[in-house]
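According to my numbering, the sequence shown is numbered sequentially starting from 254.
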Amino acid sequence: MIADIPSPLLRTFVAVVDCGSLAAAARVARSESALSLQIGRLEDIVRQPLFDRDGRALRINATGALLLGHARSILGRIDAARADLAPGTAVPVRIGVVQDFVAAVLRPTLADVLTATPRAAFSIVVASTAELLQALGEDRIDVALCAGEPFGGNRVTRLPMKWFGHPNLLLDDVVPLVGITLPCPFLLAAQRVLDAAGRPWRMALTTPSLEGLRAAVEAGLGITCRTEAGLCLPAISDPSLPQLPDIAYSIVERRQGSASTRPAVDRMTAHLESVPQH
254 MIADIPSPLL RTFVAVVDCG SLAAAARVAR SESALSLQIG RLEDIVRQPL FDRDGRALRI
314 NATGALLLGH ARSILGRIDA ARADLAPGTA VPVRIGVVQD FVAAVLRPTL ADVLTATPRA
374 AFSIVVASTA ELLQALGEDR IDVALCAGEP FGGNRVTRLP MKWFGHPNLL LDDVVPLVGI
434 TLPCPFLLAA QRVLDAAGRP WRMALTTPSL EGLRAAVEAG LGITCRTEAG LCLPAISDPS
494 LPQLPDIAYS IVERRQGSAS TRPAVDRMTA HLESVPQH
């Protein structure tokens with residue numbers, strides 16, 4: 254195995270490749286002789302030539318081309334780390350939210366935090382509750398708006414689940430259901446109440462996307478259950494469909510009471526509380 258490669262040697266290597274020659278690289282970096290020594294040292298470390306030499310011209314060879322991809326990636330990560338760790342760099346506000354509340358909660362929360370802290374940086378995950386809880390556990394986000402009442406979460410509101418779809422689909426003996434891929438609490442609730450009522454059903458479509466679900470409902474593929482705030486479509490009321498329960502929405506923090514996430518948590522909570530409960 255070759256020895257560790259110092260990053261300054263990689264920077265010189267990339268500069269020479271980008272400039273096309275030692276002389277051209279020397280005009281934007283150090284002296285030509287210093288660059289030549291560094292390239293020689295790098296070739297000693299990797300134990301192979303990196304260029305085909307034709308007089309003063311340098312043409313990168315197959316080994317050099319292989320190293321070049323690694324060099325750019327390594328230097329990119331080093332530069333990103335230096336930028337993130339530089340004094341005064343904003344710590345990203347890492348937020349997760351279920352798909353239902355991108356418009357009603359996430360968008361105004363981002364605007365509020367940005368107004369209070371104009372140089373704020375963000376990292377956002379929009380996903381299912383199960384995926385958000387996994388992201389919290391993996392330290393990819395610090396706070397998440399989830400459906401249900403996960404352990405350690407703070408329930409903010411409850412909203413009624415309702416049925417959505419073309420009423421003529423209910424004329425069939427078997428209800429065609431469309432829903433978000435399991436484990437979706439809405440699909441599970443729909444299946445559970447239909448089973449309890451003795452109403453047969455079949456799955457006409459499953460999708461991981463709320464936009465896909467909305468498109469399926471509007472196209473007449475099937476019936477689904479959601480909240481009006483989440484699906485943004487008019488609900489249907491039919492005596493042949495059983496009543497659905499309410500669903501809770503909670504804010505889950507990775508570290509309760511963290512000062513860095515407090516503004517985002519407060520704004521998310523306020524916007525979630527303002528969602529109409531019709």
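Beta carbons are placed, not taken as given, at the ideal position from N, Cα and C, and that holds for glycine.
Where the alpha helix (DSSP H) through residue i begins and ends
i, result
"Leu532", "Residue 532 is absent from the structure shown; the chain starts at 254 and stops at 531."
"Met521", "Arg515 to Glu526"
"Asp499", "Asp499 -> not in any alpha helix (DSSP H); beta strand (DSSP E) instead, spanning Asp499 to Glu506."
"Pro438", "Pro438 to Ala450"
"Ala472", "Leu463 to Ala472"
"Leu386", "Thr382 to Gly390"
"Ala482", "Glu481 to Leu484"
Short Cβ contact (9 Å threshold) for residue i with residue j
i, j, result
"Ile489", "Trp416", "yes"
"Ser503", "Glu391", "no"
"Asp395", "Thr514", "yes"
"Leu263", "Ala315", "no"
"Glu481", "Pro529", "yes"
"Val346", "Ser381", "no"
Alpha-carbon to alpha-carbon, residue j and residue i
i, j, result
"Leu319", "Thr434", "42 Å"
"Thr362", "Phe404", "24 Å"
"Thr368", "Pro516", "11 Å"
"Leu338", "Arg393", "18 Å"
"Ser289", "Gln301", "15 Å"
"Ala287", "Arg312", "19 Å"
"Ser462", "Leu423", "24 Å"
"Ile331", "Ser376", "20 Å"
"Val267", "Arg479", "54 Å"
"Ala333", "Ala443", "46 Å"
"Leu484", "Arg467", "7 Å"
"Val505", "Gly406", "4 Å"
"Val358", "Leu525", "6 Å"
"Asp305", "Val299", "15 Å"
Terminal residues of the beta strand (DSSP E) in which residue i lies
i, result
"Ser289", "Where Ser289 is concerned, there is no enclosing beta strand (DSSP E), although the alpha helix (DSSP H) it sits in stretches over Glu285 to Val299."
"Gly349", "Val346 to Val350"
"Ala356", "From DSSP, Ala356 is part of no beta strand (DSSP E); its letter is neither H nor E."
Buried or exposed (CB count within 10 angstroms, at least 16 for buried), residue i
i, result
"Asp353", "buried"
"Ala356", "exposed"
"Ile348", "buried"
"Ala397", "buried"
"Pro492", "exposed"
"Ala512", "exposed"
>> Closer than 8 Å is the cut-off here; do at least three beta carbon pairs connect the stretch 397-413 with the stretch 480-499?
In response: The answer is yes - the stretch 480-499 touches the stretch 397-413, with three or more Cβ pairs under 8 Å.
> Are the stretch 422-432 and the stretch 446-465 touching, with three or more C-beta to C-beta distances below 8 Å?
Replying inline: yes
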